[in-house]
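The structure appears below as structure tokens.
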Amino acid sequence: MAVVNWLRRNVIVLFGLLALGYMTLPNIVVLMFSFNDPNGRFNYTWNGFTLDAWEQPCGVAGICDSVAVSMKIAVLSTLVATALGTAIAFALGRYRFRARGAINTLLFLPMSMPEVVMGASLGTLFLNMRINTGFVTILIAHIMFCLSFVVVAVKARVLGMDPKLEEAAQDLYASPTQVFLRVTLPLAAPGIGAGAMLAFALSFDDFVITNFTSGNTVTFPMFVYGAAQRGTPPQINVIGSAMFVIAVLIVMIGQIRASRRAKQRA
Amino acid sequence: MTEQQRAGASGDVSLAGLSKHYGDFTAVRPMDLTIPAGSFFALLGASGCGKTTTLRMIAGLEQPSTGSVSIGDRDVTGLPPYKRPVNTVFQNYALFPHLSVADNVGFGLRRRGVKDTRKQVQDMLDLVELGHLAKRKPTQLSGGQQQRVAVARALINTPQVLLLDEPLGALDLKLRRQMQLELKRIQTDVGITFVHVTHDQEEAMTMADTIAVMNGGRIEQLGSPVELYEAPRTTFVANFLGQSNLVEAKVTGRADGDLLLDAQGNRLALPAARSAADGDHLVMGIRPEKITITYAADAKIADNRNRLDGGVIVDAAFIGVSTQYVVRMPWGQEFTVFEQNMERDPRLVPGATVILHWNPTHGFGLESGDLTAGIAEASEDAA
């Protein structure tokens, strides 16, 4: 009876932990194998502990170049997609105009369409227009699919914003520019931030669409894919784990700050 | 500041031919209105009567379709809101959620280039008794506190006119009564013109010097609370502001400044000065608390009083200070009577036949029209 009661009280925590384990287990395996000293070209079986890969993360030809390319593309496409997406979100959220419905629907296409279809059609388009695929075409493709996610994230925020707040700012002597900078932008910031983070993550790890539009440019996901055919150096695990740890740290710092601020207020 | 002081010499708000329509819908019909400087003015009406639109046109948040808005002797019709010497306390306050209470209050000063706002903000917050909460965010305050921040945020700019858009609508009844008195006190202290939009007739009567009752985009009647209550000029005002018993009547003659009326076969008198109607037909009105109710069998009623015989009580509700009777008249109409609980006649129970009588000078005459105008609006907003 005591056991049943205990279960009843903790069932939510229990399921939460199970879900968490399910989601983080692959990352833990990746992290573990980054310390492996593989016997041969493939890093699939545990052989022995070493820090070699962590000491020389660029020890494999081309790996760090590919990370740099991915970073550049992710940063640029995030910037452009966030700027454009925010503008589109405000237009869709605030104004009524002729093509509004069509744009709203079309924006969901990149999210709902299978990536392979979009990648293939973009590849065909670039080929037919005789554009050499490479860094620029990857960037164009990434901006395109990131845009939808930014718009969705920012639009949700814009729709939730009380238009009275901007009227109140105007009423308190703020010119239109000041209203935007002092009220509109700070209020929309969480949505814009979420959209940008989503865009960065999507761009950085995209493989399918990149594969169709990359030409000779090698991004990190493509390097991993290529490596998997020939052999998987533990450096891949090192970079993967590092990305994971950095992402978790960023989220944790954010959480701690938020809870500290909440405590200060109380 | 200098600009404001110059125009402040005479700070009347004047609306001339002001109207607003959205497509085919007319929100405000052409309106001429002068709100004297330093007064507490209420725009009272049911939802959709155009009161908020009028307020927003004064604030500059809505552009009028026709007409002009002047503050003092300055025409502000074309000016954007941020160039007008008015501030607004918004419905639901519209406090900036990302700024602290102090930054909310200092927002207007800072936009006008005041460098050190700390002292002024603190003084203002102390005035509304929120000095200790300056660092909080608005969401951490109670409704009443938020309301006071909204007032402080507007008043700190010493506007010529403070606009209040249903500022107490979100508060519970007790807090609302308290804030009504507080707002009235602040207005008396600072002497700024307050224009207050509300649908709550009691609120308007408690606070305002002058009330404009609006209906269907027009001002039905303008006057002090006492004038509006004691001498309404339309059936809408008679029913919307308090309750009224209205009965159709025919003018049969005149004597000593009184109109002699025939209402459903009853002879009634009404001072001609208290009638807003000119013709032979009018609507006679009497407030429920002005009527005396007497048990019919042994009634001795003075000759100079108006009397209606043959009513039957259908409902009697005891509510402490008074008892409210509903009396069905012989012609089918129901009259409401409020009787102070001083010497209650125990025979006044449902089924009893009674005589209703009152001093003729308490009645009022209205132009014939819809007897029920304003009743639905008044009860809709009470809900």
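Residue numbers (my numbering), protein chains in the order written: chain A, 1 to 266; chain B, 267 to 649.
The C-beta atom is built at its ideal place from N, Cα and C for all residues, glycine as well.
(1) Is the stretch 347 to 362 of chain B close to the stretch 157 to 172 of chain A, with three or more CB pairs under 8 Å?
(2) Quick check on W46/A: buried or exposed, where buried means 16 or more other Cβ atoms within 10 Å of its Cβ?
(3) Does the beta-carbon distance from I458/B to L428/B come in below 8 Å?
(4) Using the C-alpha atoms, what's the distance from S645/B back to L18/A?
(5) Assuming H142/A is part of the alpha helix (DSSP H), what are its boundary residues?
(6) Closer than 8 Å, CB to CB, is F460/B near chain A or not?
(7) Skipping 5 residues on each side, what residues in its chain have a beta carbon closer than 7 Å to that of Q412/B?
(8) From what residue to what residue does the beta strand (DSSP E) around W624/B run?
(9) Measure the beta-carbon distance from S280/B to P330/B and round it to whole angstroms, keeping in mind my assumption that it falls under 8 Å.
(10) Give me the chain A residues within the contact set of G374/B, using Cβ-Cβ distance strictly less than 7 Å, ordered along the chain.
(11) So, does the stretch 499 to 514 of chain B touch the stretch 462 to 481 of chain B, judging by three or more C-beta pairs under 8 Å?
(12) Mind checking whether I209/A and A99/A have CB atoms under 8 Å apart?
(13) Based on DSSP bridge pairs, tell me the residues matched to L516/B.
(14) On the CB-based measure, 16 or more other CB atoms within 10 Å of its CB, does A497/B come out buried or exposed?
(15) Return yes when the Cβ of I557/B is within less than 8 Å of the Cβ of V603/B, no when it is not.
(16) Please state the DSSP three-state secondary structure of Y95/A.
(17) Could you spell out where the beta strand (DSSP E) holding Q426/B opens and where it closes?
(18) Could you check where the alpha helix (DSSP H) with G391/B kicks off and where it finishes?
(19) By Cβ distance below 8 Å, which residues in the same chain neighbour G59/A in space, the five residues on each side in sequence not counted?
(20) Short of 9 Å Cβ to Cβ, which residues in the stretch 565 to 598 of chain B face chain A?
(21) Can you list, in chain order, the residues of its chain whose CB lies under 6 Å from that of R443/B, leaving out five sequence neighbours each side?
(22) Determine the closest residue to L365/B out of V183/A, G240/A, Q255/A, with distance taken between C-alpha atoms.
(23) Since G311/B and H462/B are thought to touch, with beta carbons under 8 Å apart, how far apart are those beta carbons, to the nearest angstrom?
(24) For the stretch 33 to 62 of chain A, which segments carrying the beta strand (DSSP E) assignment without a break, of at least 3 residues, lie completely within its bounds, in sequence order?
(25) Classify P351/B as buried or exposed, calling it buried when 16 or more other Cβ atoms lie within 10 Å of its own Cβ.
(26) May I ask you to list, following chain order, the residues of the stretch 306 to 334 of chain B that have a beta carbon less than 7 Å from some beta carbon of chain A?
(27) Looking only at its chain, what residues have a beta carbon closer than 8 Å to the beta carbon of Q467/B, apart from the 5 residues adjacent to it on each side?
(28) Within the stretch 532 to 594 of chain B, note down every full beta strand (DSSP E) run reaching 3 residues or more, in order along the chain.
(29) Taking Cβ positions only, does K263/A come closer than 8 Å to chain B?
(30) Run through DSSP, which three-state label would V218/A get?
(31) Thinking P347/B and Q255/A are a contact (beta carbons under 8 Å), I'd like their distance in whole angstroms, please.
(32) Per DSSP, which residues does N241/B bridge with? Please list them.
(33) Which of the three DSSP states, helix, strand or coil, is assigned to A247/A?
(34) Closest to S148/A by C-alpha separation, out of P190/A, F180/A, L25/A, T82/A, would be which residue?
(35) Taking the straight line between their C-alpha atoms, what separation do you get for I88/A and A102/A?
(36) May I ask you to report which of helix, strand or coil DSSP gives N10/A?
Working from what's here:
(1) yes
(2) exposed
(3) yes
(4) 56 Å
(5) 135 to 160
(6) no
(7) Y359, L361, P404
(8) 619 to 624
(9) No, S280/B and P330/B are not in contact; Cβ-Cβ is about 13 Å, not under 8 Å.
(10) L172, Y173
(11) yes
(12) no
(13) Reading the sequence as shown, one finds Lys at residue 516/B and not Leu. DSSP lists D528/B, H547/B as partners of K516/B.
(14) buried
(15) yes
(16) coil
(17) No beta strand (DSSP E) holds Q426/B; DSSP gives it neither H nor E.
(18) Looking at the sequence shown, residue 391/B is not Gly but Leu. Its alpha helix (DSSP H) spans residues 384 to 393.
(19) D52, A53, P233, Q235
(20) none
(21) none
(22) V183/A
(23) Going by Cβ atoms, the distance from G311/B to H462/B rounds to 12 Å, so no, they are not a contact pair.
(24) none
(25) buried
(26) A325, L327
(27) L310, F506, L507, G508, A644
(28) 532 to 537, 547 to 552, 558 to 561, 572 to 584, 588 to 594
(29) no
(30) coil
(31) Not a contact, Cβ separation roughly 39 Å.
(32) Limits of chain B in this structure are 267 at one end and 649 at the other, which puts residue 241/B out of reach.
(33) helix
(34) T82/A
(35) 13 Å
(36) helix
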